[in-house]
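Notes for the one structure printed next.
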Amino acid sequence: MFSGIRIASQREFDISDLTDMYRFRAQVFRERMGWEVWTVSDMEVDGYDGLLPYYMLIRGQDLQVRGCWRLLPTQGPYMLKNTFPELLYGQTAPEAPDVWELSRFAVASGGVEQGFGFTSFAMQAIREIIAFGERRGLSRYVTVTTTAVERLLNRTGIEIHRIGPPMRIGKENTVALTVVLGEQTHNALFGEMEIAA
């Protein structure tokens, strides 16, 4: 079960929170998924973590990290634009204050009730990330993910669109997506959106 989900700027997290999160990322991406990611002191950290991103941090009742996500505005460097530009297929990378990138999504696996194919941790994380975007007035997120995660996102009913066709990157079929923060997405996750008078 959850102890809590927190979304805040990097500066607002204690160093112990960041250390725990970077170690969790190394466990998920390097050890569980077999990605070739750079680690130091058993922590997975990259250059985008040096850009003062926002993070989501999920802790269980045992206070262990159970999930995380990184959020970056698209007005500076970000993964889709600077690491995976081939997934844009010649399109201009978004650069707008109301468009942010989601990256480094990781959740604990196993033994947790599922919904739409996602663990309950993952579904709660998706709800929180959408609510955060709505509160900030964002219009959409962009993200680079696998086609397997894309299929699960489609099953939730939220509004997503491919930027281009999938491409094999490493061991995975990878795709760039936009996640639209609008009525369809809100209703899929929270029920009918109230219309202001």
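Start counting the sequence shown at 1023; every next residue gets the next number (my numbering).
Every residue gets a Cβ at the ideal spot worked out from N, C-alpha and C, and that includes glycine.
Everything numeric in this text was worked out from a predicted model, so none of it was measured.
Here Glu1117 is exposed: its Cβ has fewer than 16 other Cβ atoms, across all protein chains shown, within 10 Å. Taking a C-beta distance under 7 Å as the contact criterion, Met1043 and Leu1094 do not qualify as a contact pair. Ala1198 and Val1050 have their C-alpha atoms some 21 Å from each other. Around the C-beta of Leu1074, fewer than 16 other C-beta atoms lie within 10 Å, and the residue is accordingly described as exposed. Look at the segment 1057 to 1125 and you find these whole runs of beta strand (DSSP E), each 3 residues long or longer: 1076 to 1082, 1087 to 1095. Contact between Trp1091 and Phe1127 holds: CB atoms are separated by about 5 Å, below the 8 Å threshold. Bounds of any alpha helix (DSSP H) do not take in Val1201; it lies within the beta strand (DSSP E) bounded by 1194 to 1202. The beta carbons of Val1062 and Arg1052 sit about 12 Å from each other, so the pair does not count as a contact at 8 Å. Beta-carbon to beta-carbon, Phe1143 and Arg1088 are separated by about 5 Å, close enough to satisfy the 8 Å threshold. Using a Cβ distance threshold of 7 Å, Ile1180 and Ala1210 count as a contacting pair. Taking the C-beta atoms as reference points, Arg1162 is found nearer than 7 Å to Val1201.
Rounded to whole angstroms, Gln1083 and Gly1056 show a C-alpha spacing of 28 Å. Judged by DSSP secondary structure, Met1055 falls outside any alpha helix (DSSP H); it is assigned neither H nor E.
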